[in-house]
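See below for the structure under consideration.
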Amino acid sequence: MYQYDLIDREFLADRSAEFRGQVARRLSGELTEDQFKPLRLMNGLYLQLHAYMLRIAIPYGSLNPSQLRRLAEIARDYDKGYGHFTTRQNIQFNWIKLKDAPDILDKLAEVDLHAIQTSGNCIRNTTSDPYAGATAEEVDDPRVWCEVIRQWSTLHPEFSFLPRKFKIAITASAKDRTAAKVHDIGLLLRQGRDGRLGFEVIVGGGQGRTPYVGPTIKEFLPTDRLLSYLEAVLRVYNRHGRRDNIYKARIKILVAALGAEEFARQVEEEWAKIDPARADLPASELARIRAAFAKTPFETLPARSETFEVAKAGDAAFARFVRNNVRDHKKPGYAIVEISLKAQAQTPGDASADQLEVVADLAERYGLNDLRVTHAQNLVLPHVKLDDLPTVFAALQAANLATPNIDLVSDIIACPGLDYCALANARAIPIAQDIARQFADLDRAERVGELKIKISGCINACGHHHVAHIGILGVDKKGEEFYQLSLGGSGAEDASIGKILGPALPADRVATAVDQLVGAYLGIRADGERFLDTYRRVGLEPFKEAVYAQAD
Amino acid sequence: MPRLIELADGEARWAEDGFVHLADEDPIPETGDVILSLARFEAEGDALLSSNARRVGVRIESHEEVEVLAYDLPRIALVALAFPKFRDGRAYTSARLLRERFGYPGQIRAVGDVLQEQAGFMVRCGFDAFEPADGASPEAWTKAARRFRHVYQRAADDRPAAFEERAS
Amino acid sequence: MKAVTANRLLDGEVVFWKSGQWVDRFGDAQLFDDHHAADVEAAVATGKGQPTIVVDVYPIDLIQSEGRWAPLSYRERIRALGPTNEPTHGKQAEGGDVVAALRQASGAARSTGRVDLIRRK
Chain A
1 MYQYDLIDRE FLADRSAEFR GQVARRLSGE LTEDQFKPLR LMNGLYLQLH
51 AYMLRIAIPY GSLNPSQLRR LAEIARDYDK GYGHFTTRQN IQFNWIKLKD
101 APDILDKLAE VDLHAIQTSG NCIRNTTSDP YAGATAEEVD DPRVWCEVIR
151 QWSTLHPEFS FLPRKFKIAI TASAKDRTAA KVHDIGLLLR QGRDGRLGFE
201 VIVGGGQGRT PYVGPTIKEF LPTDRLLSYL EAVLRVYNRH GRRDNIYKAR
251 IKILVAALGA EEFARQVEEE WAKIDPARAD LPASELARIR AAFAKTPFET
301 LPARSETFEV AKAGDAAFAR FVRNNVRDHK KPGYAIVEIS LKAQAQTPGD
351 ASADQLEVVA DLAERYGLND LRVTHAQNLV LPHVKLDDLP TVFAALQAAN
401 LATPNIDLVS DIIACPGLDY CALANARAIP IAQDIARQFA DLDRAERVGE
451 LKIKISGCIN ACGHHHVAHI GILGVDKKGE EFYQLSLGGS GAEDASIGKI
501 LGPALPADRV ATAVDQLVGA YLGIRADGER FLDTYRRVGL EPFKEAVYAQ
551 AD
Chain B
1001 MPRLIELADG EARWAEDGFV HLADEDPIPE TGDVILSLAR FEAEGDALLS
1051 SNARRVGVRI ESHEEVEVLA YDLPRIALVA LAFPKFRDGR AYTSARLLRE
1101 RFGYPGQIRA VGDVLQEQAG FMVRCGFDAF EPADGASPEA WTKAARRFRH
1151 VYQRAADDRP AAFEERAS
Chain C
2001 MKAVTANRLL DGEVVFWKSG QWVDRFGDAQ LFDDHHAADV EAAVATGKGQ
2051 PTIVVDVYPI DLIQSEGRWA PLSYRERIRA LGPTNEPTHG KQAEGGDVVA
2101 ALRQASGAAR STGRVDLIRR K
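Chains as they are written, first to last, in this note's numbering: chain A, 1 to 552; chain B, 1001 to 1168; chain C, 2001 to 2121.
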């Protein structure tokens, strides 16, 4: 893993001191709320319904055990004992006091964590594949490029006051676990015919009130030209993105207005004027960063573990966990373990301080000190020996962290919704809990197979409802919470935007409606079809019928 | 009117402002240095520059592109880049292009909603004169501009980026 | 009936106007009759003049529930109670009649002053 050096640490200390000064000036009245708000947002501090919310960056979703323990400590000392992992691999605390925020940032900086650029109209935390460095699917380690971008984008002097926020995702696997195609920029690492590495560059994807799957504007960008090309994209956007209407200010609107071809042409024109010797990262620095990620101390192990096989044969619960939450590792004798934060009655993505500490201990004892956060709001131990899996499973079980439902119907993405968020129109969490209860039977959930349900409490779409197999959007209908269902979206490599099923439903109808949709799918699916595949084959009608027929 | 702060050798100081900002309807004074809008500069700049020894600056609004000044830059004494709101970040691009692409050596002045919180970004992009709207003192400006001991990118200032520090 | 609410600058806590002061509990809030619109405006103006004490001051509409007054919109009820997914967090933790009445209130409609939400963060 990448280790911060003195430069990174002094930078964080300076940032923390700056924010402490800004808070003091706000409290004294020297800064007005209008002046202060963008400053606190640039440090991830929002004012929500009940308190301030602090969003802490987890660069490319990667943490070490001491960082996770520090997050647990902050949850306990400054919050109400829990944190919430987000779809952009960050963590949020819901009950923060403004007066404590500078102390919290100091404590975070001690373990190389911060909240820089977790809000505001700047380049946000770059997200990546939670299986990076562990999966055999990848053509390169995407974390290398995420770290390059982390440094380049941190307090970028030219791109800190963009028309709107700016999100980048990088993946190096054919299977996309980052939702790259619905980011402002999605970078897909590819191997060229000559073996050289490059990025397919997707620009202008996004969700919110105008969802787009982003178009490819460059098929193959040589990796060593990444920063100059990003500079060109950001410069075209900074100059030409709309600033007159907040709803039309994202880059997706500019790309759609110009057309992908014309946007690409403008980027190429700008790119040609940029001096690569100044804008691109020198090979020596790239090698230094790459080396930091190449040091994972794997052991040489046999591919088969007797301990693991015996446990799997003898314990049905463990076998189910393995089926659903354990993935193949590139190294023989290792596995990738997903830790679901979607237990029955749990708030999706929430973890208690105690749970965070359990996971930190497991990462330290059995996981090569490595931990990841997924875009689906779960955690990952990327490097666990097959031999240790039964022990890890037992420890997870004891902490209510062994729910075997990854990518199944109850592995629901949900934004905080109106229970916490000042922007929400409706609650998202109770709907997720209702649906999870409806599908509590794990045998049935497994029979249904991969089904991605995502819930947003407003059109800003933090819960990614547009790219869900079943998307649920909370709306305010004459003062009551209603929910609009959409089908057929995907945030993965087969990205698409979902289509609205029909009129919005009241809260108490949503879980039943999902059940009806699943029932319809089970009735018409062909062999091997996921819900999404069946929908794509048969279209909206049979599903519409299943939900609305009796209602008339 | 905000007072002028100039930055030289990393130190911000109060400066006497020899220039007058002229609105498009204002008459051109007999003598003295003036800052004109781009439109007025394009219409009257040639005459002004050739008729007497006064210095001429041009004010570029955030939606205007500095590229249009490319051929005139050698005879322009200063470029004032406007921030209609501090959140409008287009002037940062304009400043970098003036310094890094066109090698402009004259003054680049930040005007409009210019706040000390943005001092660090402005200085890095090549601004060297400021008309702060928040009444910030030169001391506050110097401090804000020097807040960070390290930077992560190359820009229009000569500060070494983190990767250059590491290599040295 | 109306009340006036805000968030306290120092900790973000939801507060309500009560005769010149800011109080934590909705049950302690001053209630304004609809024909006392000028008093509501005066309270909001006073709050807006206290930028180092509170932020985001606005009036909310109330309805009757279980013989008590409750905020009309469910958003404001959640502000007055705490998150529904964590019934022991926030103001609702102390329980009592007022909390029970707030939880049972229904017939919501969006309160005034809550438009253009995206700019509010």
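In this text, a Cβ means the ideal position worked out from N, Cα and C, and glycines have one as well. Keep in mind that this is a model prediction, so the values were computed, not measured.
Neighbour flag for Glu1139(B) against chain A, beta carbons, 8 Å: no
Cβ of Glu1071(B) within 8 Å of any chain A Cβ: It is worth fixing the name first, because residue 1071(B) is Tyr in this sequence and not Glu. No, because no Cβ of chain A sits closer than 8 Å to the Cβ of Tyr1071(B).
Rounded straight-line distance, which links the Cα of Ile500(A) to that of Val538(A): 15 Å
Local conformation of Ala169(A) per DSSP, three classes: Strand.
Arg1003(B) and Val1034(B) closer than 8 Å at C-beta: Result no, Cβ atoms of Arg1003(B) and Val1034(B) do not sit closer than 8 Å.
Which listed residue (Glu541(A), Leu540(A), Arg525(A)) has its alpha carbon closest to that of Thr553(A): With chain A represented from 1 up to 552, any question about residue 553(A) goes unanswered, as that position is not in the structure.
Trp2022(C), buried or exposed, once every other Cβ within 10 Å from all chains shown has been counted against 16: buried
Enclosing alpha helix (DSSP H) for Lys37(A) [first to last residue]: If you look at Lys37(A), you'll find it in the alpha helix (DSSP H) that goes 33-41.
Sequence-distant residues of its chain with Cβ nearer than 8 Å to Arg242(A) (five each side left out): For Arg242(A), where only same-chain residues beyond five positions count, the Cβ hits under 8 Å are Pro163, Lys248, Ala249, Ile253, Leu254.
Backbone secondary structure at Arg253(A) - three-state DSSP: Reading off the sequence, residue 253(A) comes out as Ile, not Arg. When secondary structure is reduced to three states using DSSP, Ile253(A) falls in the helix class.
Per-residue contacts from Asp2011(C) into chain A (C-beta, under 7 Å): Ala51, Lys97, Leu98, Lys99
With 16 other Cβ atoms within 10 Å as the buried cut-off, status of Asn90(A): buried
Contact set between the segment 141-174 of chain A and chain B, restricted to residues whose Cβ is under 9 Å from the partner: Close to chain B, meaning a Cβ-Cβ distance shorter than 9 Å, are the following residues of the segment 141-174 of chain A: Arg150, Gln151, Trp152, Ser153, Thr154, Leu155, His156, Pro157, Glu158, Phe159, Ser160, Phe161, Leu162, Pro163.
Whole-angstrom C-beta distance between Gln92(A) and Leu54(A), which should lie under 8 Å: The C-beta distance from Leu54(A) to Gln92(A) rounds to 7 Å, short enough to meet the 8 Å contact threshold.
Residues that Asn405(A) bridges to, as DSSP identifies them: In the DSSP output, where bridge partners are listed per residue, Asn405(A) has none listed.
Distance between Lys478(A) and Asn378(A) (C-alpha atoms, nearest Å): 35 Å
Own chain, CB closer than 8 Å to Thr135(A), minus 5 neighbours either side, in chain order: Asp129, Ser173, Arg327, Asp328, His329, Lys330, Ile336
Selection from Ala279(A), Val547(A), Arg143(A) that minimises the alpha carbon distance to Arg1096(B): Ala279(A)
Residues bridged to Ala432(A) (per DSSP): In DSSP, Ala432(A) forms no bridge with anything.
Given Glu1164(B) as reference, the closest of Met1(A), Arg88(A), Leu281(A), Thr296(A) once Cα atoms are compared: Leu281(A)
Sufficient close CB pairs (3 or more, under 8 Å) joining the segment 317-324 of chain A to the segment 287-305 of chain A: Short answer: they don't touch.
Within chain C, partners of Ile74(A) - CB distance below 8 Å: What Ile74(A) touches in chain C: nothing, since even the nearest Cβ is about 16 Å away.
Within 7 Å of chain A by C-beta, residues of the segment 1148-1163 of chain B in sequence order: Phe1148, Arg1149, His1150, Tyr1152, Gln1153, Arg1154, Ala1155, Ala1162, Phe1163
Under 8 Å between C-beta atoms of Ala179(A) and His466(A): Going by C-beta atoms, Ala179(A) is not nearer than 8 Å to His466(A).
Close beta carbons around Phe1121(B), own chain, < 7 Å, minus the five adjacent residues each side: Tyr1092
Arg2068(C) - DSSP class collapsed to helix/strand/coil: If DSSP states are grouped into helix, strand and coil, Arg2068(C) belongs with the strands.
Three CB pairs or more closer than 8 Å across the segment 184-200 of chain A and the segment 2012-2022 of chain C: no
Residue-level contact to chain B via CB, Ile7(A), 8 Å cutoff: yes
Beta-ladder partner(s) of Ala513(A), from DSSP: None; Ala513(A) has no bridge partner.
Sub-8 Å separation of Leu68(A) and Ala360(A) beta-carbons: yes
Partners in chain A for Asp1088(B), counting only beta-carbon separations shorter than 8 Å: Phe161, Arg243
Element boundaries [alpha helix (DSSP H), containing Ala335(A)]: From DSSP, Ala335(A) is part of no alpha helix (DSSP H) but of the beta strand (DSSP E) over 334-339.
Where the alpha helix (DSSP H) through Tyr237(A) begins and ends: 226-240
Rounded C-alpha distance that separates Ile2060(C) from Val2004(C): Ile2060(C) and Val2004(C) have their C-alpha atoms spaced approximately 6 Å apart.
Below-8 Å beta-carbon distance, Gly29(A) vs any chain C residue: yes
Reference Thr307(A); option with closest CA among Gly528(A), Leu286(A), Tyr334(A): For Thr307(A), the nearest C-alpha among the options comes from Tyr334(A).
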